[in-house]
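This report refers to the structure that appears directly beneath it.
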Amino acid sequence: MIQEAEQMHLPRRLVKDRKNPYTYFRDEEFQIRYRFRKEAAMELTEVVREAISQQTLRNACVSAELQLLTFLRFLATGCFLMTDGDLIGIHKSTVSRIVHRVANAIAAKRRDFVTFPVNAELDNVKQDFYEIAGFPGVIGCIDCTHIRIIRPSGPAAEIYPNRKGYFSINVQAVCDANLRISSLVARWPGSTHDARIFDNSVLSMRPENRELNDQLDDEWRAILYSRDKLQSCVNKTPVKFWISVGKITDGLGELKFTVVSKLMKALLVLPHSSACVERVFSEVNLVKTPTTNRLRPSTVANRLLARQHLRRNEKNCHTWTPSKELLNSVQSGQCHSRYTTRLCQKATENVVTFYDVLDGTN
1 MIQEAEQMHL PRRLVKDRKN PYTYFRDEEF QIRYRFRKEA AMELTEVVRE
51 AISQQTLRNA CVSAELQLLT FLRFLATGCF LMTDGDLIGI HKSTVSRIVH
101 RVANAIAAKR RDFVTFPVNA ELDNVKQDFY EIAGFPGVIG CIDCTHIRII
151 RPSGPAAEIY PNRKGYFSIN VQAVCDANLR ISSLVARWPG STHDARIFDN
201 SVLSMRPENR ELNDQLDDEW RAILYSRDKL QSCVNKTPVK FWISVGKITD
251 GLGELKFTVV SKLMKALLVL PHSSACVERV FSEVNLVKTP TTNRLRPSTV
301 ANRLLARQHL RRNEKNCHTW TPSKELLNSV QSGQCHSRYT TRLCQKATEN
351 VVTFYDVLDG TN
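According to full-length UniProt numbering, the sequence shown is numbered sequentially starting from 1.
Printed below as a string of structure tokens:
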């Protein structure tokens, strides 16, 4: 018996040689497989290293770097756990534990990175959006999207199907001008309407919104007691009327109706913005139709830019003097040189004049 026991061969446990993707793949190959650059993956590893590092004396544990890459690979491809584990040489059960561990570690850090801007940061966000489209006061872009999930168990499962016919979570996200998420709500079932999610979120209850509403109410009530100062504004157009209201000052020389004036100008401009754009392009079409697109593109572009400049700066042809270069660009050379002078004269007779464009009368 002793000799038989000595002759028995016990299989030794083999540890597979694990590849290091940081050194195995080139930069382009790494980004294709993990959707992250190497530098970004290393930085993310340091963020969650303390939470995912295993406290063990065993020399075959999976390092924090490989755990994060395994998790990123799973998210990037949606492959089977066995396929994900074969890439670096670990078992599928280990991959399953790694995915849950790293996901929880990253989610626990959400408040360190997903924060809504305040004070000076909020002003910077407004400026960034204004530089994109010239629209003032924008603090973020908000939308909801459905994240598909497996059908939950229990009676509550019936509230998760969305209008598209599958089970999901309706996630509300807000991003800034640089596409960085500043607010995230991911706790509502797919059947919930977008408006309800917003009404129950922190964004709809921000203190500055309440303060702004209070200031708006105060200014609106104060207008009733400033009729004497509004007499000179009565015969003006609605936009010019509220511009004049915004310039009214109190006894200390401070503006009295900044909030209500800004709100009313926005309400007057927004419903007609599309109509104004269509009107401008219809004028361009009238210019181009009689001459079968014979106008220079620069002529049309300068007319549109001149009009846009005047609208944004609340000026007209009587309060703004264009430069000689702009006048020459708009008034001269309206037709291509290959066409005759007669066609150019015919085109000029059918176009809106430069001063009409500036004044906005046509």
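No residue lacks a Cβ here, since even glycine has one placed at the ideal position from N, Cα and C.
Taking residue i as the reference, give the member of the options with the closest Cα.
i: K262; options: F129, T94, F135; result: F135
i: K256; options: S226, K236, C233; result: S226
i: S93; options: R180, T23, A40, Q67; result: Q67
i: G165; options: I149, P155, A108, R180; result: I149
i: M264; options: F241, I248, L81; result: F241
i: K126; options: A133, V138, F116, P117; result: V138
i: V202; options: Q172, E219, I223, D228; result: Q172
i: W188; options: S96, P161, S204, S182; result: P161
i: V259; options: L230, D217, P238; result: D217
i: S96; options: F113, T70, R111, D112; result: T70
i: E50; options: I159, A108, I32, T77; result: A108
i: I147; options: K247, Q54, A157, G190; result: G190
i: R33; options: F25, A40, E39; result: F25
Can you list, in chain order, the residues of its chain with a C-beta nearer than 6 Å to that of residue i? Leave out the 5 residues immediately preceding and following it.
i: C141; result: C175
i: V245; result: F257, S261
i: I52; result: A64, Q67, R101, V102, A105
i: R18; result: I88, G89
i: D250; result: K256
On the premise that residue j lies in contact with residue i, defined as a C-beta separation below 8 Å, what is that separation, rounded to the nearest angstrom?
i: N170; j: T192; result: 5 Å
i: R73; j: D86; result: In fact, because the Cβ distance is near 11 Å, the residues do not count as touching under 8 Å.
Taking only three categories from DSSP, how would you classify residue i?
i: A133; result: helix
i: R148; result: strand
i: R180; result: coil
i: P117; result: coil
i: V174; result: strand
i: K19; result: coil
i: I223; result: helix
i: V185; result: strand
i: F281; result: Because the pLDDT of F281 is 43, which lies under 50, any placement of that residue in the model is unreliable, and the question is left without a value.
i: D112; result: helix
i: T94; result: helix
i: D250; result: coil
i: S63; result: coil
i: I139; result: coil
i: F167; result: strand
For residue i, collect the residues of the same chain with a Cβ closer than 8 Å to its Cβ; drop the 5 residues on either side in sequence, then sort them by chain order.
i: L270; result: Confidence at L270 is low in this model, with a pLDDT of 49, below 50, so the placement of that residue is unreliable and no value is reported for it.
i: N200; result: none
i: S232; result: S244
I'd like to know if residue i contacts chain B, where contact means its C-beta is closer than 8 Å to some C-beta of that chain.
i: G165; result: Included in the structure is just one protein chain, with no chain B present.
Tell me which residues share the same chain as residue i and place their Cβ nearer than 7 Å to its Cβ, disregarding the 5 neighbours each side in the sequence.
i: R151; result: A157, F167
i: K38; result: Y22, D27, F30
Handout entry: At least 3 beta-carbon pairs within less than 8 Å: the region 153-168 vs the region 117-125
Key = Contact between the region 153-168 and the region 117-125 is absent, with fewer than three C-beta pairs closer than 8 Å.
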